[in-house]
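Remarks on the structure that follows.
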Amino acid sequence: MAHKTRGYTYAITDHPNDFSQRLTFNELKTFFENISQEKPFWSHPLPASTDHLIILLEREARFRVLLERWIVADRHGISSIMGS
3 MAHKTRGYTY
13 AITDHPNDFS
23 QRLTFNELKT
33 FFENISQEKP
43 FWSHPLPAST
53 DHLIILLERE
63 ARFRVLLERW
73 IVADRHGISS
83 IMGS
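In C-alpha coordinates form, the structure reads like this:
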(Lines of atoms letter the chains of each structure in order from A and count residues from 1; the text may use other names and numbers.)
(Lines give C-alpha, C1' and ligand atoms only; values in the text may rest on other atoms or scores of the structure.)
Protein backbone atom coordinates (compact mmCIF):
# COMPACT_ATOMS: atom_id res chain seq x y z
CA MET A 1 0.00 0.00 0.00
CA ALA A 2 1.42 3.39 -0.99
CA HIS A 3 1.22 6.13 1.63
CA LYS A 4 0.66 9.86 1.23
CA THR A 5 3.39 12.14 2.57
CA ARG A 6 2.67 14.91 5.07
CA GLY A 7 6.28 15.86 5.60
CA TYR A 8 9.71 15.09 6.99
CA THR A 9 11.63 15.97 10.15
CA TYR A 10 15.35 15.65 10.80
CA ALA A 11 17.03 15.17 14.16
CA ILE A 12 20.64 14.74 15.27
CA THR A 13 22.39 13.73 18.47
CA ASP A 14 23.83 16.73 20.28
CA HIS A 15 26.37 15.07 22.55
CA PRO A 16 28.56 11.97 22.64
CA ASN A 17 26.65 8.78 23.32
CA ASP A 18 27.36 5.94 25.69
CA PHE A 19 27.63 3.20 23.09
CA SER A 20 26.78 0.52 25.64
CA GLN A 21 23.27 2.04 25.95
CA ARG A 22 20.48 2.23 23.37
CA LEU A 23 19.88 5.60 21.77
CA THR A 24 16.63 7.26 22.89
CA PHE A 25 14.51 9.98 21.27
CA ASN A 26 15.43 12.25 24.20
CA GLU A 27 19.00 12.33 22.87
CA LEU A 28 17.88 13.62 19.45
CA LYS A 29 17.26 17.29 18.72
CA THR A 30 15.09 18.25 15.76
CA PHE A 31 16.87 20.78 13.55
CA PHE A 32 14.74 20.85 10.38
CA GLU A 33 11.07 20.23 9.54
CA ASN A 34 9.17 20.23 6.27
CA ILE A 35 5.56 19.47 7.23
CA SER A 36 2.41 20.42 5.33
CA GLN A 37 0.09 22.66 7.40
CA GLU A 38 -2.89 22.08 5.06
CA LYS A 39 -6.03 20.61 6.63
CA PRO A 40 -7.28 17.97 6.45
CA PHE A 41 -3.69 16.80 5.93
CA TRP A 42 -4.66 13.57 4.16
CA SER A 43 -6.28 15.64 1.38
CA HIS A 44 -3.18 17.81 0.77
CA PRO A 45 -0.14 15.53 0.79
CA LEU A 46 3.32 16.76 -0.10
CA PRO A 47 4.90 15.04 -3.09
CA ALA A 48 7.05 12.15 -1.90
CA SER A 49 10.74 12.85 -2.22
CA THR A 50 13.75 10.57 -2.17
CA ASP A 51 16.39 13.30 -2.62
CA HIS A 52 16.86 15.67 0.31
CA LEU A 53 19.52 18.32 0.85
CA ILE A 54 20.08 19.27 4.48
CA ILE A 55 22.85 21.65 5.53
CA LEU A 56 24.30 20.79 8.91
CA LEU A 57 25.84 23.36 11.19
CA GLU A 58 29.59 23.13 11.57
CA ARG A 59 30.36 21.05 14.64
CA GLU A 60 33.44 19.53 16.17
CA ALA A 61 34.42 16.19 14.71
CA ARG A 62 32.84 13.27 16.56
CA PHE A 63 30.34 10.49 16.01
CA ARG A 64 26.71 11.59 15.57
CA VAL A 65 23.43 9.96 14.66
CA LEU A 66 21.17 11.64 12.10
CA LEU A 67 17.52 10.54 11.91
CA GLU A 68 15.06 11.42 9.16
CA ARG A 69 11.39 10.82 10.02
CA TRP A 70 8.78 10.45 7.30
CA ILE A 71 5.39 11.82 8.40
CA VAL A 72 2.68 9.70 6.77
CA ALA A 73 -0.56 11.50 5.84
CA ASP A 74 -2.89 8.52 5.64
CA ARG A 75 -6.34 9.38 6.89
CA HIS A 76 -6.79 6.35 9.09
CA GLY A 77 -3.49 6.66 10.93
CA ILE A 78 -1.01 4.07 12.03
CA SER A 79 -3.60 1.62 13.41
CA SER A 80 -4.81 0.77 9.89
CA ILE A 81 -1.23 0.40 8.65
CA MET A 82 -0.32 -1.96 11.50
CA GLY A 83 -3.53 -3.96 11.14
CA SER A 84 -4.98 -2.99 14.53
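For what it's worth, the working numbering labels the leading residue of the sequence shown as 3, then goes sequentially. Note that beta-carbon positions come from the ideal geometry of N, C-alpha and C, so glycine has one too. Quick caveat, the model's predicted, so the values are computed rather than measured.
Asked                                                                                                                      : Found
Are the beta-carbon atoms belonging to Tyr-12 and Arg-71 less than 9 Å from one another?                                   : yes
Which residue comes first and which comes last in the beta strand (DSSP E) that contains Glu-1?                            : Residue 1 cannot be examined here, being either before or after the span of the chain that is shown, 3 to 86.
If I follow the unbroken beta strand (DSSP E) through Trp-72, where does it start and stop?                                : 68 to 74
Is Lys-31 near Thr-7, with beta carbons less than 9 Å apart?                                                               : no
Measure the CB-CB distance between Tyr-10 and His-54 and report whether it falls below 9 Å.                                : yes
By the 10 Å Cβ neighbour count, where 16 or more other Cβ atoms means buried, how is Ala-75 classified, buried or exposed? : buried
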